[in-house]
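Trainee: Line by line, the protein sequences are chains A and B.
Each residue of the first sequence is one higher than the last, beginning at 1 in my numbering.
Each residue of the second sequence is one higher than the last, beginning at 1001 in my numbering.
I am attaching a structure below and will ask some questions about it afterwards.
There are 2 protein chains.
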Amino acid sequence: MKNQFTTPDGYTSDIAVFTITSESNGEYKPPLKKLKIMLIKRSEIDHEGNPNIEAGKWALPGGFVRPNETAFQAAERKLFEETGVDGLRIKHFGVYDSPSRDNRGWIISNAHYVIANESSLKKRKTTLDAQDIQLFSIEEALALELAFDHRAIMDDALWFIKKDMALTTLAKHFLPEEFVLSELQGVLLTVLDDPSISTDAAFFRKAPTLPFIEAVSENGKLKKSNAYSKTPAQLYRFTDFQPIVSVYRNKLKC
Amino acid sequence: MKNQFTTPDGYTSDIAVFTITSESNGEYKPPLKKLKIMLIKRSEIDHEGNPNIEAGKWALPGGFVRPNETAFQAAERKLFEETGVDGLRIKHFGVYDSPSRDNRGWIISNAHYVIANESSLKKRKTTLDAQDIQLFSIEEALALELAFDHRAIMDDALWFIKKDMALTTLAKHFLPEEFVLSELQGVLLTVLDDPSISTDAAFFRKAPTLPFIEAVSENGKLKKSNAYSKTPAQLYRFTDFQPIVSVYRNKLKC
DNA sequence: ATTAACAATTAACAAAACGTTAATTAATAA
DNA sequence: TTATTAATTAACGTTTTGTTAATTGTTAAT
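What follows is the structure, given as structure tokens:
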């Protein structure tokens, strides 16, 4: 098709993939949890054997959207092509269209974020496009020189995750199906800073009453786990309940 | 610039402009408030005198983004060009890029919403692009056949407004600088459905304690207004406080 | 076998916030 | 003077919090 308007030189889809890793913190202790972002190191040459732009730099996975797909579909495709990972829950969060953001021309990026369970990233592997893939802690990632405006995209994605973690049951996607309260607490604390979560007594009193989690039972009795403690701890799972909050209803943090 | 990828046929910026109108409800009564959306009727011919696509249909204001601007800037520009309105607070909320959404080709729309004070829309006027401009109630707008996928965009925008109204001090942008509690209540009720807002006694007990509004004083004494009632009502204004809520802290609506 | 240690609770309770019902307060209109 | 009306305020019982102090079940070390 021909049209009378100047057209963009490209439409790309980028994905900021986050996960929370668990490091053992000694026997019978809840593991240390840390928020990480998965970045790829851009290959020296591209698919066609041409030198790759921003080669060698760390970047968000992503690439050009094809005319027969949406940016969302491209995100799924590129994530798999570049990192071998699939089946993740992808969410759009912004568009980056500053005229100077990519020196190849007028290129618009549709940005997404992903919350991944640590285990779902196990199958990641380097590819033609990505000579290296690593999980970086946020501090590490902030110290890197990222390709294009990926630093800004990552900053914004982080902000969205914090917001979603506080307002939705996002934590679910960072946890196994059945989990113990201290695991939930650990996940929340990687992103949120709130005494009602970090204070054990407050968190353990309130958490069991949250309407979006429920205690797991087996054969009529409550199912417990000793994975992280000597004392058996109750296992919980998320329900389908979608919590709603409002600044006009609830007590606010000052 | 030349590149090896298929490129989009256009990049557009669309804007869903919402306002809340006040209709007098009789003397000494708080006015009836209603959420409205501003739509334009697409002209038969475009700037260049060519027949316009989707001519005669009602649509969101918007148009093609130029290569030297961002979609955000285009939103400001087109809103002014098409409706004569400027100075509004514009927010991105989504991208519409389904390959079949526009039969001119592969056209990506960056969607925005605007919350406008009724008075700021006073200066709206028809233009070359818009043979008519009107404020529609949501029910009216839902009954129209809108151009392109603007119906879906409008639906999504509405959803974002409801969310923002509950989670942020968005209501501020629908109100005058100084307002009375019943006005705030009226604004909230156009979008939110919550007994703690619709029940007068509950709302009037809670509202004065909200940390993001403050009573207005003049010459050391509280400033009151009789605009909507015989009894003088306290005037309030929004502060800069940004409230934070969390599903892990607050009581949840079941 | 006892005991120390420790994470995961549970108990108890006071303080804060909420929801409701019933008054009170101007101002106006009758 | 009185009825009316919207905007408050008072009062009070109920929920929800935040906190401190116990309790429990298990392992590891006497």
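Where is the CB? At the ideal position from N, CA and C, for every residue including glycine.
All values derive from a computational prediction rather than experimental measurement.
With a threshold of 16 other CB atoms inside 10 Å of the CB of Gly185(A), please say whether the residue is buried or exposed.
Mentor: On the first sequence, position 185 is the one that residue 185(A) refers to. Here residue 185(A) is Gln; the residue named in the question, Gly, does not match the sequence. Burial call: buried.
Trainee: Taking a contact to mean a Cβ-Cβ separation below 8 Å, would you say Ser217(A) touches Lys223(A) in this structure?
Mentor: What you label residue 217(A) is simply residue 217 of the first sequence in a count that begins at 1. What you label residue 223(A) is simply residue 223 of the first sequence in a count that begins at 1. Yes, the Cβ-Cβ distance between Ser217(A) and Lys223(A) is below 8 Å.
Trainee: Grouping DSSP H, G and I as helix and E and B as strand, with all else coil, what is Asp1129(B)?
Mentor: Looking up residue 1129(B) in the second sequence gives position 129. DSSP places Asp1129(B) in coil when its eight states are reduced to three.
Trainee: Pull up the CB-CB distance for Pro1211(B) and Tyr11(A), whole angstroms please, since I reckon it's below 8 Å.
Mentor: Reading the second sequence from its first residue, position 211 is the one you call residue 1211(B). Reading the first sequence from its first residue, position 11 is the one you call residue 11(A). Wrong, their Cβ atoms sit about 43 Å apart, outside the cutoff.
Trainee: Quick check on the burial criterion: 16 or more other C-beta atoms within 10 angstroms. Buried or exposed for Ala1201(B)?
Mentor: Your numbering for residue 1201(B) matches position 201 in the second sequence. Ala1201(B) comes out exposed.
Trainee: Counting only the same chain and skipping the five closest in sequence on each side, list residues whose C-beta sits under 7 Å from that of Lys2(A).
Mentor: Numbered from 1 along the first sequence, position 2 holds the residue referred to as residue 2(A). Bear in mind that the predicted position of Lys2(A) carries a pLDDT of just 41, short of 50, making it unreliable; the figure below should be weighed with that in mind. Closer than 7 Å at Cβ, skipping near neighbours: no residue.
Trainee: Return no unless some Cβ of chain A is closer than 8 Å to the Cβ of Val1095(B).
Mentor: Numbered from 1 along the second sequence, position 95 holds the residue referred to as residue 1095(B). Output row for Val1095(B): interface = yes.
Trainee: Applying a beta-carbon distance threshold of less than 8 Å, which residues of chain B neighbour Asp194(A)?
Mentor: Position 194 of the first sequence, counting from 1, holds the residue named residue 194(A). The contacting residues are Ser1246, Tyr1248 and Arg1249.
Trainee: Use the C-beta contact count for Phe204(A): other C-beta atoms within 10 angstroms, 16 or more gives buried, fewer gives exposed.
Mentor: Against the first sequence, residue 204(A) aligns to sequence position 204. With fewer than 16 Cβ atoms within 10 Å of its Cβ, Phe204(A) is classed as exposed.
Trainee: For the segment 83-109 of chain A, which residues have a beta carbon sitting closer than 8 Å to at least one beta carbon of chain B?
Mentor: Of all residues in the segment 83-109 of chain A, His92, Gly94, Val95, Asp97, Ser98, Pro99, Arg104, Gly105, Trp106 and Ile108 have a Cβ within less than 8 Å of some Cβ in chain B.
Trainee: Is the distance from the Cβ of Val1191(B) to the Cβ of Pro243(A) below 8 Å?
Mentor: The sequence position of residue 1191(B) within the second sequence is 191, counting from 1. The sequence position of residue 243(A) within the first sequence is 243, counting from 1. Against a cut-off of 8 Å, the Cβ pair of Pro243(A) and Val1191(B) comes out as no contact.
Trainee: How would you label Tyr96(A), buried or exposed, when you count the other beta carbons within 10 angstroms and need 16 or more for buried?
Mentor: Within the first sequence, the letter at position 96 stands for residue 96(A). Under this definition Tyr96(A) is a buried residue.
Trainee: Considering Cα atoms alone, identify which of Lys34(A), Asp155(A), Glu183(A) and Leu60(A) is closest to Ser225(A).
Mentor: Against the first sequence, residue 225(A) aligns to sequence position 225. Comparing Cα-Cα distances from Ser225(A) to each of Lys34(A), Asp155(A), Glu183(A) and Leu60(A), the minimum goes to Glu183(A).
Trainee: Would the segment 110-125 of chain A and the segment 1075-1084 of chain B be scored as touching if the rule is three or more Cβ pairs under 8 Å?
Mentor: Touching, no, given that fewer than three Cβ pairs across the two stretches are closer than 8 Å.
Trainee: My assumption, with CB atoms under 8 Å, is that Ile1037(B) sits in contact with Ile1197(B). Please give the rounded CB distance.
Mentor: For this step, residue 1037(B) is matched to residue 37 along the second sequence. For this step, residue 1197(B) is matched to residue 197 along the second sequence. About 22 Å separates the two Cβ atoms, so there is no contact after all.
Trainee: If you measure from the beta carbon of Leu79(A) to each beta carbon in chain B, is any gap under 8 Å?
Mentor: In the first sequence, counting from the first residue as 1, residue 79(A) sits at position 79. Chain B, which has no Cβ nearer than 8 Å to the Cβ of Leu79(A), makes this no.
Trainee: Just grab the DSSP bridge partners of Leu35(A) for me.
Mentor: The count along the first sequence starts at 1 and reaches residue 35(A) at position 35. DSSP, once it has assigned bridges, lists Ile20(A) as partnering Leu35(A).
Trainee: Give a yes or no on contact between the segment 1157-1174 of chain B and the segment 1100-1109 of chain B, applying the rule of three or more CB pairs nearer than 8 Å.
Mentor: No: fewer than three Cβ pairs fall under 8 Å.
Trainee: Flag Ala1055(B) as yes if its beta-carbon sits less than 8 Å from any beta-carbon of chain A, otherwise no.
Mentor: Reading the second sequence from its first residue, position 55 is the one you call residue 1055(B). Not one chain A Cβ lies under 8 Å of Ala1055(B).
Trainee: Against chain A, which members of the segment 1008-1020 of chain B pass a CB distance test of less than 7 Å?
Mentor: So the close ones are Pro1008, Asp1009, Gly1010 and Tyr1011.
Trainee: Ignoring anything shorter than 3 residues or poking outside the segment 50-83 of chain A, list the beta strand (DSSP E) runs there in chain order.
Mentor: Whole beta strand (DSSP E) segments, 3+ residues: 62-64.
Trainee: For Arg1066(B), return the contacting residues in chain A, with the cut-off set at a CB-CB distance below 8 Å.
Mentor: The count along the second sequence starts at 1 and reaches residue 1066(B) at position 66. Near Arg1066(B) (Cβ distances below 8 Å), the residues of chain A are Thr6.
Trainee: Would you decide whether Ala215(A) is buried or exposed? Buried here means 16 or more other CB atoms lie within 10 Å of its CB.
Mentor: Locating residue 215(A) in the first sequence gives position 215, where the first residue counts as 1. Classification of Ala215(A): exposed, given that the 10 Å Cβ count is below 16.
Trainee: List the residues of chain A that Leu1167(B) touches, going by C-beta distances under 8 Å, in chain order.
Mentor: For the purposes of this step, residue 1167(B) is identified with residue 167 of the second sequence, where counting begins at 1. Correct list: Leu167, Val245, Ser246 and Val247.
Trainee: Between the C-alpha atoms of Asp46(A) and Gly26(A), what's the straight-line distance to the nearest angstrom?
Mentor: Along the first sequence, read from residue 1 onward, the residue named residue 46(A) stands at position 46. Along the first sequence, read from residue 1 onward, the residue named residue 26(A) stands at position 26. Taking the straight line joining both Cα atoms gives about 44 Å.
Trainee: Between the alpha carbons of Ile1213(B) and Lys1172(B), how many angstroms are there, rounded?
Mentor: Position 213 of the second sequence, counting from 1, holds the residue named residue 1213(B). Position 172 of the second sequence, counting from 1, holds the residue named residue 1172(B). Approximately 10 Å between the Cα atoms of the pair.
Trainee: Between Ala1141(B), Ala1207(B), Lys1221(B) and Arg1249(B), which has its C-alpha nearest Leu1035(B)'s C-alpha?
Mentor: To locate residue 1035(B), count along the second sequence from 1; it is residue 35. If we check each option's Cα against that of Leu1035(B), Ala1141(B) comes out closest.
Trainee: Restricting to Cα atoms, I'd like to know which of Glu145(A), Thr21(A) and Ile20(A) is closest to Ile40(A).
Mentor: Against the first sequence, residue 40(A) aligns to sequence position 40. Per the Cα distances, Glu145(A).
Trainee: Taking only beta-carbon positions, decide if Ile197(A) is within less than 8 Å of chain B.
Mentor: Locating residue 197(A) in the first sequence gives position 197, where the first residue counts as 1. With 8 Å as the cut-off, Ile197(A) counts as an interface residue toward chain B.
Trainee: Could you name the residues of chain A that Thr1190(B) contacts, counting a contact when the two beta carbons are closer than 8 Å?
Mentor: Walking along the second sequence from the start, residue 1190(B) turns up at place 190. Under the 8 Å cutoff, chain A gives no residues; its nearest Cβ is about 14 Å from Thr1190(B).
Trainee: Which residue marks the beginning of the alpha helix (DSSP H) containing Leu142(A), and which one marks its end?
Mentor: Taking the first sequence and counting its residues from 1, the one referred to as residue 142(A) is at position 142. Element bounds for Leu142(A): Ile138 to Ala143.
Trainee: Could you round the C-beta distance between Thr21(A) and Glu81(A) to whole angstroms and report it? I think they count as a contact, below 8 Å.
Mentor: As a working note, residue 21(A) is residue 21 in the first sequence. As a working note, residue 81(A) is residue 81 in the first sequence. Not confirmed; about 24 Å, so no contact.
Trainee: Just mark Leu1032(B) as buried or exposed, buried being the case when its beta carbon has 16 or more other beta carbons within 10 Å.
Mentor: Locating residue 1032(B) in the second sequence gives position 32, counting from the first residue. That one is exposed.
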